[in-house]
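K.L.:
Heads up: take any position in the first sequence, counting from 1, add 21, and you land on my numbering. Pasting in a structure now, in structure tokens, and then I'll have a few things to ask.
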Amino acid sequence: MLDLKLIRDNADFVESQLARRNGDFSIRPIVEIDAKHRKAQAEWENLNRRRNEISTSFKTGKLAKEEMEALRKEASQAKEKQDAVNEERVKLEAELEQLLLGIPNLPASEVPDGKDENDNKEVSTWGTINSIKNPRHHYEIGTDLGIFDFERGVKVAESRFTVLMNWGAKFERALMNLMLDTHARKGYSEVFPPILVNRDCLVGTGQLPKFEGDYYKLADDELYLVPTAEVPVTNLYREETLDEEMLPILHCAYTPNFRREAGSAGKDTRGYIRQHQFNKVELVKFCTPETSEEEHEKLTRDAEAILEALNLPYRRVLLCSGDIGFCARKCYDLEVWFPAQGKYREISSCSNFGDFQARRAGLKYRPKDGGKARYIHTINGSGLAIGRALAAILENYQNEDGSVTVPDALVPYMGVKLIEAKQARVSV
RNA sequence: GGAGAGGUGGCUGAGUGGUCGAAAGCGGCUUCCUGCUAAGAAGUUGUACGGACAAAAUCUGUACCGAGGGUUCGAAUCCCUCCCUCUCCGCCA
Numbered sequence: 022m023l024d025l026k027l028i029r030d031n032a033d034f035v036e037s038q039l040a041r042r043n044g045d046f047s048i049r050p051i052v053e054i055d056a057k058h059r060k061a062q063a064e065w066e067n068l069n070r071r072r073n074e075i076s077t078s079f080k081t082g083k084l085a086k087e088e089m090e091a092l093r094k095e096a097s098q099a100k101e102k103q104d105a106v107n108e109e110r111v112k113l114e115a116e117l118e119q120l121l122l123g124i125p126n127l128p129a130s131e132v133p134d135g136k137d138e139n140d141n142k143e144v145s146t147w148g149t150i151n152s153i154k155n156p157r158h159h160y161e162i163g164t165d166l167g168i169f170d171f172e173r174g175v176k177v178a179e180s181r182f183t184v185l186m187n188w189g190a191k192f193e194r195a196l197m198n199l200m201l202d203t204h205a206r207k208g209y210s211e212v213f214p215p216i217l218v219n220r221d222c223l224v225g226t227g228q229l230p231k232f233e234g235d236y237y238k239l240a241d242d243e244l245y246l247v248p249t250a251e252v253p254v255t256n257l258y259r260e261e262t263l264d265e266e267m268l269p270i271l272h273c274a275y276t277p278n279f280r281r282e283a284g285s286a287g288k289d290t291r292g293y294i295r296q297h298q299f300n301k302v303e304l305v306k307f308c309t310p311e312t313s314e315e316e317h318e319k320l321t322r323d324a325e326a327i328l329e330a331l332n333l334p335y336r337r338v339l340l341c342s343g344d345i346g347f348c349a350r351k352c353y354d355l356e357v358w359f360p361a362q363g364k365y366r367e368i369s370s371c372s373n374f375g376d377f378q379a380r381r382a383g384l385k386y387r388p389k390d391g392g393k394a395r396y397i398h399t400i401n402g403s404g405l406a407i408g409r410a411l412a413a414i415l416e417n418y419q420n421e422d423g424s425v426t427v428p429d430a431l432v433p434y435m436g437v438k439l440i441e442a443k444q445a446r447v448s449v
């Protein structure tokens, strides 16, 4: 959520920054309704003051009967008028809130202008792309090795659900542990949050109200399945004022993630790249405005460290103003190399939200010098998407005989160095 | 899920219609006293939003006793709905 004062006082600036994004975001209605709302509030307060005066004169006592009756009547009428004003005020307030929640964050100045992903800027690349003769797709390799069972995933749930069998299940668990262990060593404290969250959480991190249809919602309870650990972890401190000494707070969290993938019909229909349910380790930071820039860079490096540990070629991309997420002021995507597709695919998204989420979620901190509470800055990034990491490993570590070499960093977690084509079973 | 109890300031806890932004204690802050420490004395002590001021300090208005609604000239206090916590019962990994 943007600062209403900023919108009120610098409407032109805000509008010009929003224009860099993809989409049409007008703040003029907000400015208008804000003015009306403040007028209504002033009127309501004046009426209220009069009512307070009247009731005070009652408690001081010693009023003639007629006088009391007259005042009682006046107060009743004031109340009626006040109720009418208030009805309008509440309506305006709700309208203002809804409009405000629908306005995205302003892109940071260093974010390049652009329309879509074609205008994103490659910042760096890492690793060497091995030349593989006739590279096979991860889903072909995985199916042959008995790692993925796509058909039974559909039988048990529906399309875009996959069963991980045997080494697949173990691979997923090994990746999760490698990631969490690595991040823990860098100072991230591990969290295992609820996977169902209430509506306030989704509003707090910016998924709602704008993207209502994108998430799974329970029929009988006001609860949603988390689309990312970002939601429960960021909301851990919702409506709290933390001491500056506590910052920065670094958390890492594994959760399954659930997304309806509305609007991506036909995209990545084959394979394990786009699922309704997928595993992910997420990194979340809470810090002061002064350090958020630096913490964002460090967090991105921490996500990259996993790709480097797995020796997967990747590149870092700075998203342009048209491709950046709703809440983000700046975002790096990490893209891993998929040999069979012959291109880089997103495996992590590391965003700096500034105080945008903090305003929605009421995340504040009290400065050391004891001044007024200020909004925290939030940062998060995938570290990494586990399913896509598995898919990338299968493709990048495939051998001609159909076996897959286990990346060195995963050997301690897997217990084997090679997934052999013939005996695709977890040996205990 | 059923029955009962309860949700008050940073914390403990009083308050059953006006004198309550709210007693008292603890904690915090300031000052004084004491050779240091310990102890003691006095004072002070919430948040949010709006207005005044060029701005800060400050002054001022309004709201806030779990949330929302109602009764009343007036609600922490009475009524209704919801949420949460605790105890007992039931169920359960």
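Idealized CB from N, CA, C, for every residue including glycine.
Mind checking who residue 257 pairs with in its DSSP beta bridge?
P.N.:
In the DSSP output, where bridge partners are listed per residue, residue 257 has none listed.
K.L.:
Going by the beta-carbon positions, is the gap between residue 182 and residue 296 smaller than 8 angstroms?
P.N.:
Against a cut-off of 8 angstroms, the Cβ pair of residue 296 and residue 182 comes out as a contact.
K.L.:
Alpha carbons only, please: which of 228, 434, 403, 363 is nearest the one belonging to residue 299?
P.N.:
Looking at the Cα atoms, 403 is the closest of the given residues.
K.L.:
Which one of 269, 280, 58 has the shortest CA to CA distance from residue 115?
P.N.:
Nearest of 269, 280, 58 to residue 115, Cα basis: 58.
K.L.:
Could you tell me which residues DSSP pairs with residue 300 in its beta bridges?
P.N.:
For residue 300, which the question treats as bridged, DSSP gives the partners 277.
K.L.:
For the alpha helix (DSSP H) holding residue 104, just list the boundary residues, first then last.
P.N.:
86 to 122 is the span of the alpha helix (DSSP H), which, as asked, contains residue 104.
K.L.:
Is the Cβ-Cβ distance between residue 346 and residue 352 less than 8 angstroms?
P.N.:
Cβ atoms of residue 346 and residue 352: closer than 8 angstroms.
K.L.:
With a threshold of 6 angstroms on Cβ separation, who are the neighbours of residue 426 within its own chain once the five nearest residues in sequence on each side are excluded?
P.N.:
Excluding sequence neighbours, residue 426 sits near 418, 439.
K.L.:
Out of 126, 284, 261, point me to the one whose CA is closest to residue 48's CA.
P.N.:
Closest by alpha carbon: 126.
K.L.:
Given a cut-off of 8 angstroms, decide if residue 290 and residue 256 are closer than it, judged by their beta-carbon atoms.
P.N.:
The answer is no: Cβ separation not under 8 angstroms.
K.L.:
Within a Cβ cutoff of 6 angstroms, which residues of the same chain sit near residue 236, ignoring the five residues on either side of it in sequence?
P.N.:
For residue 236, where only same-chain residues beyond five positions count, the Cβ hits under 6 angstroms are 245, 248.
K.L.:
Whose CA, out of 206, 267, 336, 230, lies closest to the CA of residue 120?
P.N.:
Closest by alpha carbon: 230.
K.L.:
What separation, rounded to the nearest whole angstrom, lies between the Cα atoms of residue 96 and residue 209?
P.N.:
Whole-angstrom Cα-Cα distance: 59 angstroms.
K.L.:
Can you list, in chain order, the stretches of the beta strand (DSSP E) that have 3 or more residues and sit fully within the region 364 to 434?
P.N.:
Here the runs fully enclosed are 364 to 375, 384 to 387, 398 to 406.
K.L.:
From what residue to what residue does the beta strand (DSSP E) around residue 223 run?
P.N.:
Looking at the DSSP string, residue 223 is not in any beta strand (DSSP E); the run it does join, the alpha helix (DSSP H), is 220 to 226.
K.L.:
Hey, could you find the ends of the beta strand (DSSP E) residue 338 is sitting in?
P.N.:
Element bounds for residue 338: 335 to 339.
K.L.:
Is it right to say residue 429 is buried, meaning 16 or more other beta carbons lie within 10 angstroms of its own, or is it exposed?
P.N.:
It is exposed - the Cβ of residue 429 has fewer than 16 other Cβ atoms within 10 Å.
K.L.:
At the level of alpha carbons, what is the spacing between residue 292 and residue 388?
P.N.:
Rounded to the nearest angstrom, the two C-alpha atoms are 49 angstroms apart.
K.L.:
As a quick exercise: from 263, 67, 336, 393, pick the residue whose alpha carbon is nearest that of residue 368.
P.N.:
Cα-wise, what sits closest to residue 368 is 336.
K.L.:
Would residue 168 and residue 155 qualify as a contact pair, given that the criterion is a beta-carbon distance under 8 angstroms?
P.N.:
For residue 168 and residue 155, no; Cβs fall outside 8 angstroms.
K.L.:
Only counting the same chain, and skipping five residues up and downstream in sequence, which positions put a Cβ closer than 6 angstroms to that of residue 144?
P.N.:
If we look at residue 144 and ignore the five residues flanking it on each side, its Cβ neighbours are 337, 339.
K.L.:
Alpha carbon to alpha carbon, how far is residue 433 from residue 273?
P.N.:
Their backbone Cα atoms lie some 21 angstroms apart in a straight line.
K.L.:
Tell me whether residue 370 is buried or exposed, calling it buried when 16 or more other Cβ atoms sit within 10 Å of its Cβ.
P.N.:
Buried is the call here.
K.L.:
Are the beta-carbon atoms of residue 386 and residue 264 separated by less than 8 angstroms?
P.N.:
Yes, they are a contact pair.
K.L.:
Note down, in chain order, each residue of its chain lying with its Cβ closer than 6 angstroms to the Cβ of residue 41, except the 5 sequence neighbours on either side.
P.N.:
The answer, listed in chain order, is 128, 134, 342.
K.L.:
At the level of alpha carbons, what is the spacing between residue 43 and residue 375?
P.N.:
If I take the Cα positions, the gap works out to 20 angstroms.
K.L.:
From which residue to which residue does the alpha helix (DSSP H) around residue 37 run?
P.N.:
Residue 37 -> alpha helix (DSSP H) spans 32 to 39.
K.L.:
What's the C-alpha gap between residue 324 and residue 405?
P.N.:
Answer to the nearest angstrom: the Cα atoms are 7 angstroms apart.
K.L.:
Please state whether the Cβ-Cβ distance between residue 68 and residue 91 is less than 8 angstroms.
P.N.:
No.
K.L.:
If you run the structure through DSSP and keep just helix, strand and coil, what is residue 353?
P.N.:
It is a strand residue.
K.L.:
Let me confirm a value: residue 28 is counted as buried when at least 16 other C-beta atoms fall within 10 Å, else exposed. Which label applies?
P.N.:
Residue 28 is buried by the Cβ-count criterion.
K.L.:
Am I right that residue 89 and residue 380 are in contact with their C-beta atoms under 8 angstroms? What's the rounded C-beta distance?
P.N.:
Actually they are not in contact, since the Cβ atoms of residue 89 and residue 380 sit about 48 angstroms apart, beyond 8 angstroms.
K.L.:
Provide the residue(s) that pair with residue 147 in DSSP beta bridges, ordered along the chain.
P.N.:
Residue 147 pairs with 335.
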